[in-house]
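**Q**
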Amino acid sequence: MSVPRYGQPLGPRELEILQLTSQGFSYGEAARRVQPAVSENTAKAHMQRVLTKLGANNAPHAVFLACQAGLLDGQRRRHGDHAGYEAHRRRGEDPCEACRAGEREHRSRYKARQAPQNAA
Numbered sequence: 039m040s041v042p043r044y045g046q047p048l049g050p051r052e053l054e055i056l057q058l059t060s061q062g063f064s065y066g067e068a069a070r071r072v073q074p075a076v077s078e079n080t081a082k083a084h085m086q087r088v089l090t091k092l093g094a095n096n097a098p099h100a101v102f103l104a105c106q107a108g109l110l111d112g113q114r115r116r117h118g119d120h121a122g123y124e125a126h127r128r129r130g131e132d133p134c135e136a137c138r139a140g141e142r143e144h145r146s147r148y149k150a151r152q153a154p155q156n157a158a
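Quick note on this note's numbering: the sequence shown kicks off at 39 and runs consecutively.
1) Rounded to the nearest angstrom, what separates His117 and Arg151 at their Cα positions?
2) What do you reckon, are the CB atoms on Ala107 and Ala100 nearer than 8 Å?
3) Helix, strand or coil for Leu48, going by three-state DSSP, please let me know.
4) If we count the other Cβ atoms within 10 Å of its Cβ and call it buried at 16 or more, is Glu131 buried or exposed?
5) For Ala69 and Thr80, which I take to be in contact (beta-carbon distance under 8 Å), what is that distance rounded to the nearest angstrom?
6) Tell me, to the nearest whole angstrom, how far the beta carbon of Arg138 is from that of Tyr123; I am working on the premise that it is less than 8 Å.
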């Protein structure tokens, strides 16, 4: 278990959903990727507990806080080291190249998912 700044540890499933969310997966996609798979509502419930435990306002803020605390990869970071694209933007920062690359990948995955829907 990982301990966030408020002292309440994140459970393994909460951490897994947070990691998948930080990689740009929707709750539905994250729910299907965890083993054993869970429903989208269960993934949302896990994320809601993550928000509460981290003291975050929303999922991008939770990713930002988790990244700072080293919950995602074990490396604690100062503000601005690698917060995630949206977290940088919300704080008025210019996103770093790693976050820009992640955002480009997320957008290309999103467009690929939307293409079959638009063709119909």
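The beta carbon of each residue, even a glycine, is placed where N, CA and C say it ideally should be.
Remember, predicted model here, so these are calculated numbers, not experimental data.
**A** On the basis of the data shown:
1) Because His117 carries a pLDDT of 49, less than 50, the predicted location of this residue cannot be relied on, and the following value inherits that uncertainty. Straight-line Cα distance between these residues: approximately 33 Å.
2) In this structure, Ala107 lies away from Ala100, with their beta-carbon atoms at least 8 Å apart.
3) Three-state DSSP puts Leu48 in a strand.
4) With fewer than 16 other Cβ atoms from the protein chains shown falling within 10 Å of its own Cβ, Glu131 counts as exposed.
5) Rounded, the Cβ-Cβ distance is 6 Å, consistent with contact.
6) With a beta-carbon spacing of about 7 Å, Arg138 and Tyr123 fall inside the 8 Å limit used to define contacts.
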